[in-house]
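Asker: When we follow the UniProt record's numbering, the leftmost residue of the sequence shown carries the number 1, and every step to the right adds one. We treat Cβ as the ideally placed atom computed from N, Cα and C, and that holds for glycine.
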Amino acid sequence: MRSVAGLAAIVAAASFYLYLLSTHLPPGLEHVQPGSEGQDEAVQEYRLKFPSDLDELRELAEMLKFYKREHHGYVLLLFCSAYLYKQSFAIPGSSFLNMLAGAIFGPWEGLVLACLLTTTGSTFCYLLSAAFGKQHVVQLFPDKVDLLQRKVEENRSSLFFFLLFLRFFPMTPNWFLNITCPVLNIPMPIFFFSVFIGLIPYNFICVRTGSILSEIHSLDDIFSWGTLAQLLAIALMALLPGALIKRYGKTHLKVDGMDSNGPSQAEIKQDRKRR
Numbered sequence: 001m002r003s004v005a006g007l008a009a010i011v012a013a014a015s016f017y018l019y020l021l022s023t024h025l026p027p028g029l030e031h032v033q034p035g036s037e038g039q040d041e042a043v044q045e046y047r048l049k050f051p052s053d054l055d056e057l058r059e060l061a062e063m064l065k066f067y068k069r070e071h072h073g074y075v076l077l078l079f080c081s082a083y084l085y086k087q088s089f090a091i092p093g094s095s096f097l098n099m100l101a102g103a104i105f106g107p108w109e110g111l112v113l114a115c116l117l118t119t120t121g122s123t124f125c126y127l128l129s130a131a132f133g134k135q136h137v138v139q140l141f142p143d144k145v146d147l148l149q150r151k152v153e154e155n156r157s158s159l160f161f162f163l164l165f166l167r168f169f170p171m172t173p174n175w176f177l178n179i180t181c182p183v184l185n186i187p188m189p190i191f192f193f194s195v196f197i198g199l200i201p202y203n204f205i206c207v208r209t210g211s212i213l214s215e216i217h218s219l220d221d222i223f224s225w226g227t228l229a230q231l232l233a234i235a236l237m238a239l240l241p242g243a244l245i246k247r248y249g250k251t252h253l254k255v256d257g258m259d260s261n262g263p264s265q266a267e268i269k270q271d272r273k274r275r
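1) Just reading off the alpha helix (DSSP H) that Ser-81 is part of, what are its end residues?
2) Could you pull out every unbroken alpha helix (DSSP H) segment of at least 4 residues lying fully inside the segment 154-179, listed in chain order?
3) The alpha helix (DSSP H) that contains Leu-128, what's its start and end?
4) Can you tell me whether DSSP reads residue 280 as helix, strand or coil?
5) Does the segment 149-160 come close enough to the segment 180-188 to have 3 or more Cβ pairs within less than 8 Å?
6) Quick check: Gly-6 and Asn-98, are their CB atoms within less than 8 Å of each other?
7) For Tyr-202, is the classification buried or exposed, using 16 other Cβ atoms within 10 angstroms of its Cβ as the cut-off for buried?
8) Should Ala-13 go down as buried or exposed, given a rule of 16 or more other Cβ atoms within 10 Å for buried?
9) Where does Phe-141 sit, in a helix, a strand or coil, going by DSSP?
10) Less than 8 Å separating the beta-carbons of Ser-194 and Phe-160?
11) How far does the alpha helix (DSSP H) with Ile-190 in it extend, from its first residue to its last?
12) Answer yes or no: do Val-145 and Thr-180 have a C-beta to C-beta separation smaller than 8 Å?
13) How many angstroms separate the CA atom of Phe-168 from the CA atom of Leu-127?
Written as structure tokens, this is what we have:
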């Protein structure tokens, strides 16, 4: 009970901090829209809202890019805080945030940010699970934890490459790996670098996609040579590392019996009924 209360206190404190950061904005979050002939210019004041689709993502990216000109440090702090909050508490949405990083900060700065924040947030999640949630993870997902435990022991001699394999090919969701690794006694350095290296292709795809989407304003932009070349680079970046790891896995790793979906909602309900 003490562990649940401690975790709840941390979540509440982080939520309150993020709320204050997103509501107490520095002055200047407005954009002057030129009026039509015979009309005055209109001032549009922006409101922060987490995007739920690509249109909202593009609108938010345009707003933050405009705002970043005068408040670069604030935008960077806000983005990093939101990303770490999501990653630390295993909240879905990394793809949208990675695309937002590419749209706001560009493909290369966005990629560096995404990789660092993904790794740091996953490490926070690892530490929170180790401190507060190990017994709850076992109680909620006994079958999945048992399967992963057996596979970790079978691949103990190639543990780093086994974790890379799981990151490249998400047989188990990333959030579930983050909260389960402390239970499996995965050393922190191996966990840290497997996340950093293993999620580079995924982060690259999302960040580059966000950068491209922020530059597309018509169908002609989609079929330009520059855009097609970037899409080809994204495809190669996604396929090449995965193909190498998969080839290595066939001869050195034991992953038989692992499905590609992780714990489903039905399995979660079944596991809860067993308690």
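Answerer: On the basis of the coordinates in this document:
1) From DSSP, the alpha helix (DSSP H) with Ser-81 extends over 72-88.
2) 159-168
3) Leu-128 -> alpha helix (DSSP H) spans 107-128.
4) This structure cannot speak to residue 280, because the chain is shown only from 1 to 275.
5) yes
6) Going by C-beta atoms, Gly-6 is not nearer than 8 Å to Asn-98.
7) buried
8) Burial is judged here by how many other beta carbons sit within 10 angstroms of a residue's own beta carbon; Ala-13 has fewer than 16 and is exposed.
9) coil
10) yes
11) 188-198
12) Against a cut-off of 8 Å, the Cβ pair of Thr-180 and Val-145 comes out as a contact.
13) 22 Å
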